[in-house]
Amino acid sequence: MKYIQLFGRVIVGGVLIYAGFMKAAGPTAEFSAILEAYELFPPFLLTPLSSLLPYVEMWVGLFILSGFCTRQAALAAALLATSFAVSVGSTFLRHIDLTTCGCFGAHSLTPHQTMVLDIVLLGLSLVVYRLSKYLPPWSLDQALQ
Amino acid sequence: MPREEICNEILFDMGVNLKRFLVGSFLILAPVIAVQSVKQTSWGPILAAPKARQMGDPGAKVVIVEYSDFQCPSCAKIQPTLHQFLDIYKGKIRLIYKYYPLTKIHKNAMPAAHAAECAATQDHFWPYHDRLFQTQMSWESLQDPTTSFMAIAQSVNLDVPKFQACYADPSRLAVIEQDAKEAQERQVAATPTFFVGDERLVGQVFATDGARAIEKALRQ
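Structure representation (structure tokens):
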């Protein structure tokens, strides 16, 4: 079980850190434009959201990878993955043709690939959440006990 | 429980909490520092563009540089807004068009840019540009869009034999490739991307935020 949990933490944490970093390191305006294409947010929210979301992804990713507040971080990761899946899924229903999901900055996955990735991340986050009921192995939570 | 033990427990809890606070702060600050250390804050230079690809007052205070792709639907969609801004801020803004054909996803973007560049050599860039966007849906999926481009050349009163000769000559592609290289150096990843002064606006955000960016640049 501890290896499954570690595997989940590495995958979910690694993907979130990479995704957040690629977006945060690029121009904020690029990510704003991608968010705008989803037609989900009012214009005044685009810039603050595109500035903040990449950092939230990195923080959740770092917390889950290092095993710091693991259970809460796994829950946050599950919420992020759900919101991403719902956002992408809604574009299919509304017939919005996204050329890219924008998940990893400029060079990204197609919306269908993103949907699969989000579902995998959601599943792994829930596994980590469930298995983190007790102190997770090889984690800061354990080291700081 | 003796008082000494209670005190020891409180001190132990404070120690653990302090450690957790410090580790948490480090984990929050680390990504911020990492991003700030690699984030590009200044872009490469904007090279001069020929007069044929500029619109508006040459002495205008604000210069808008547009990196665009003729096959990109979003670039076609933004055109009315762009014309509106050029009308509203007449004499105050100047538009420079830069080619950025996204050849990986738009197979006819490069031929379209080539055709527009040939129109530019006859000083008819803007009417050709407008027609390309207006007719985008009719040529975007064609195997060979040459006939459509020739028809547009005729409709905007170009010297067609001269246009044909230019279109057959690949040397004009160098101009387009130079613009595309400049766009990549300026971290332009999507079209249309506008630079209003120093501010970058991508896609339809230009329609919602463009006026504010122009006003801001005019005040500077």
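Residue numbers (the working numbering), protein chains in the order written: chain A, 1 to 145; chain B, 146 to 365. Every residue, glycine too, gets a C-beta built ideally from N, C-alpha and C.
TODO: Could you confirm whether any beta carbon from chain A is found closer than 9 angstroms to the beta carbon of B:Asp354?
DONE: yes
Task: Per-residue DSSP class, three states only, for A:Met1 - done: coil
Task: Span of the alpha helix (DSSP H), counted from its first residue to its last, around B:Glu344 - done: It is not in any alpha helix (DSSP H) - B:Glu344 instead sits in the beta strand (DSSP E) that spans Glu344 to Val347.
Task: C-beta atoms of B:Gln349 and B:Lys243 nearer than 9 angstroms - done: no
Open item on the list: Which residues of the stretch 26 to 46 of chain A have a Cβ closer than 8 angstroms to any Cβ of chain B? Give them in chain order.
Closed with: Gly26, Pro27, Ala29, Glu30, Ser32, Ala33, Ile34, Glu36, Ala37, Pro43 and Leu46
TODO: Answer yes or no: does any C-beta atom of chain A fall closer than 9 angstroms to that of B:Val168?
DONE: yes
Task: B:Tyr312 (DSSP reduced to helix, strand or coil) - done: helix
- [ ] Kindly indicate if chain A contains any beta-carbon less than 9 angstroms away from that of B:Arg165.
- [x] yes
Open item on the list: Suppose the cutoff is 6 angstroms on Cβ atoms and the five residues either side in sequence are ignored; what does the same chain contact list for B:Leu240 look like?
Closed with: Met200, Gly201 and Ile209
Task: Element boundaries [beta strand (DSSP E), containing B:Thr336] - done: Per DSSP, B:Thr336 belongs to no beta strand (DSSP E) and is neither H nor E.
Task: Given A:Gly164 as reference, the closest of B:Ala358, B:Ala356, B:Pro337 and B:Gln329 once Cα atoms are compared - done: Residue 164 of chain A cannot be examined here, being either before or after the span of chain A that is shown, 1 to 145.
TODO: Jot down the residue ranges of each uninterrupted alpha helix (DSSP H) in the stretch 181 to 262 of chain B, minimum 4 residues, whole runs only, in chain order.
DONE: 218 to 222 and 224 to 233
- [ ] Check each candidate in B:Val347, B:Ser219, B:His259 and B:Asp268 and name the one with the smallest Cα separation from A:Leu46.
- [x] B:Val347
TODO: Using the Cα positions of B:Cys311 and B:Trp188, report the straight-line distance between them to the nearest angstrom.
DONE: 33 angstroms
Open item on the list: Looking at chain B, is there any beta carbon in it that lies within less than 9 angstroms of the beta carbon of A:Ser66?
Closed with: yes
Open item on the list: Quick check on B:Phe171: buried or exposed, where buried means 16 or more other Cβ atoms within 10 Å of its Cβ?
Closed with: exposed
Task: Residue environment, B:Val183, which counts as buried when at least 16 other CB atoms sit within 10 Å - done: exposed
Open item on the list: Would B:Thr338 and B:Arg345 be called neighbours here (beta carbons separated by less than 9 angstroms)?
Closed with: yes
TODO: Would you give the residue range spanned by the alpha helix (DSSP H) that A:Leu140 belongs to?
DONE: Leu140 to Ala143
Task: C-alpha distance - B:Asp275 paired with B:Ala261, whole-angstrom precision - done: 10 angstroms
Open item on the list: Among B:Ala179, B:Asp158, B:Met159 and B:Ala194, whose alpha-carbon lies nearest the alpha-carbon of B:Ala265?
Closed with: B:Ala194
Open item on the list: Does the CB of B:Val161 have a neighbour CB from chain A at under 9 angstroms?
Closed with: yes
Open item on the list: Here's the rule: buried if 16 or more other CB atoms are within 10 angstroms of the residue's CB, otherwise exposed. What is B:Val207?
Closed with: buried
Task: Residue-chain proximity (A:Phe21, chain B), Cβ-Cβ < 9 angstroms - done: yes
Open item on the list: Counting only C-beta atoms, is A:Pro54 closer than 9 angstroms to chain B at any point?
Closed with: yes
TODO: Along the alpha helix (DSSP H) that carries A:Pro111, what are the first and last residues, could you check?
DONE: Pro111 to Leu131
Task: For B:Ser293, the first and last residue of its enclosing alpha helix (DSSP H) - done: Thr291 to Ser300
Open item on the list: Suppose you measure from the CA of A:Met22 to the CA of A:Phe44; what does that come to, to the nearest Å?
Closed with: 23 angstroms
Open item on the list: Between A:Thr70 and A:Ser139, how many whole angstroms is the CB-CB distance? I'm expecting something under 8 angstroms.
Closed with: 6 angstroms
Open item on the list: Just to confirm the assignment, what range does the alpha helix (DSSP H) spanning A:Arg71 have?
Closed with: Thr70 to Leu93
Task: Beta-carbon contacts of B:Arg197 that lie in its chain and below 7 angstroms, excluding the five residues immediately before and after - done: In the sequence under discussion, the amino acid at residue 197 of chain B is Ala, which differs from the Arg named in the question. Excluding residues within five positions, the ones whose Cβ falls inside 7 angstroms are Ala265, Asp268 and Phe270.
Task: Cα-Cα separation, A:Gly67 to A:Ile17 - done: 14 angstroms
- [ ] For B:Pro246, count neighbouring C-beta atoms within 10 Å of its own C-beta (all shown protein chains included) and say buried if the count is 16 or more, exposed if not.
- [x] buried
- [ ] Could you tell me the boundaries of the alpha helix (DSSP H) in which A:Ile34 lies?
- [x] Thr28 to Ala37
- [ ] Take B:Gln185 and list the residues in its own chain whose beta-carbon comes closer than 8 angstroms to its own, dropping the five residues that flank it on each side.
- [x] Gln332
Task: Within 9 angstroms, strictly: CB atoms of A:Pro185 and A:Val128 - done: Residue 185 of chain A lies beyond the residue range present for chain A, which begins at 1 and ends at 145; the question has no answer from this structure.
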